[in-house]
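Residue numbers (the working numbering): 5 to 308. Note sheet for the following structure.
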Amino acid sequence: MTMMNGKVALVTGGGRGVGRGIALEFAKAGAAVVVNDLGVSLTGQDAGSVSPAQEVVNEIIAAGGQAVANSDSVADWAGGQAMVQAAIDNFGRIDVVVNNAGNLRDVLFHKMTEDDFDAVIAVHLKGSFNVSRAAAPFFKEQASGAYIHMTSTSGLVGNFGQANYAAAKMGIVGLSKSIALDMQRFNVRSNAVAPFAWTRMVSSIPNETPEQQKRVEGLKKLVPEKIAPFVVALGSDAGAKVSGQIFGVRNNEIYLFSQPRPIRTAHTAEGWTPESIAERVFPMFENDFYPLQRSGDVFTWDPV
5 MTMMNGKVAL VTGGGRGVGR GIALEFAKAG AAVVVNDLGV SLTGQDAGSV SPAQEVVNEI
65 IAAGGQAVAN SDSVADWAGG QAMVQAAIDN FGRIDVVVNN AGNLRDVLFH KMTEDDFDAV
125 IAVHLKGSFN VSRAAAPFFK EQASGAYIHM TSTSGLVGNF GQANYAAAKM GIVGLSKSIA
185 LDMQRFNVRS NAVAPFAWTR MVSSIPNETP EQQKRVEGLK KLVPEKIAPF VVALGSDAGA
245 KVSGQIFGVR NNEIYLFSQP RPIRTAHTAE GWTPESIAER VFPMFENDFY PLQRSGDVFT
305 WDPV
């Protein structure tokens, strides 16, 4: 494969799961890869280790590719700068940033602590900003570049016990669109991808009831490596005209998600009062209200 020959990709959270598959696929396509991974637990509380990233790097090099490991934290501004600089120092350029690093602090909203919320926002949303912002001057100077940010149906659709994660993932959608708008003049694009995959990030889902067990068995069929080909295509020159979009990848299925636009309108020449709104607007809109669904209520079929 030569789709990414001469290109350099940075993959955060690239030591395991979806990130590992993406890093390996970029290398297979000919790119040099910076594999970033802290090597910590899902909650981010373990001591840092470069070993997961280095394992992926070793695998890439053994296959004849080019790669370096990086263990900086995406949650730190300086960490984002350092991992982008690693691409420049080792390979002379950077062409693709994949914001894949993540953590979880799942808990019902009324029990969620400030630390639970801040820790997830710091990695997913602030981390995506930190790394993207670090690459922006290089993308601007070379008049090219691609950002690929990982969102989730936990935010796009909904899920229990993930207010922090859902807020971060919806924030990433807004961040991606803003980058696409602000950077289009420099021939830089930005897209969001919701990956469906059985990884450490979802292996903590409860499986105590028959319904939960059935859902988990379905999730186990979702192969993390299936996400990678689409991400590489987005990052390649073949994806140069694709920007500001939200996609999903679920094994062999690829989705293009809708984005919020007005679907109903109500107006009055006299101006609204609280009473007239309650009497006229709510009943008028009611049939088009979205139900309180979770991701599993929407994606009810087995993955293809």
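Even for Gly, the Cβ is constructed at its ideal location relative to N, Cα and C. Note that the structure is a prediction, hence the values are computed from the model and not measured.
- Just checking my contact of Leu129 with Ala172 at CB under 8 Å: how many whole Å lie between their CB atoms? 4 Å
- State the CB to CB distance for the pair Ser194 and Gly248, rounded to an integer number of angstroms; the pair is presumed to be in contact (CB under 8 Å). 7 Å
- Item | Length-filtered (4 minimum) alpha helix (DSSP H) runs lying within the stretch 104 to 135 | 118 to 125
- Proximity to Val124 [Cα-Cα], best of Ala105, Gly21, Ala244: Ala105
- Can you give me the Cβ contacts of Asn94 inside the same chain, cut-off strictly under 6 Å, excluding the 5 residues immediately before and after it? Val72
- Which of helix, strand or coil DSSP assigns to Met8: coil
- Environment of Arg24 [buried if 16+ CB atoms lie within 10 Å]: buried
- Ala201 and Gly21 look like a contact to me (Cβ under 8 Å); what is the Cβ gap, rounded to whole Å? 7 Å
- What three-state label does DSSP hand Asn191 in the structure shown? coil
- Using only alpha-carbon positions, find the residue among Val302, Asp292, Ser262, Gln166 that is nearest to Ala196. Ser262
- Label Pro295 either buried or exposed according to how many other C-beta atoms from any shown protein chain fall within 10 Å of its C-beta, with 16 as the threshold for buried. exposed
- Query: Helix, strand or coil: how does DSSP classify Glu257 here?
  - Reply: strand
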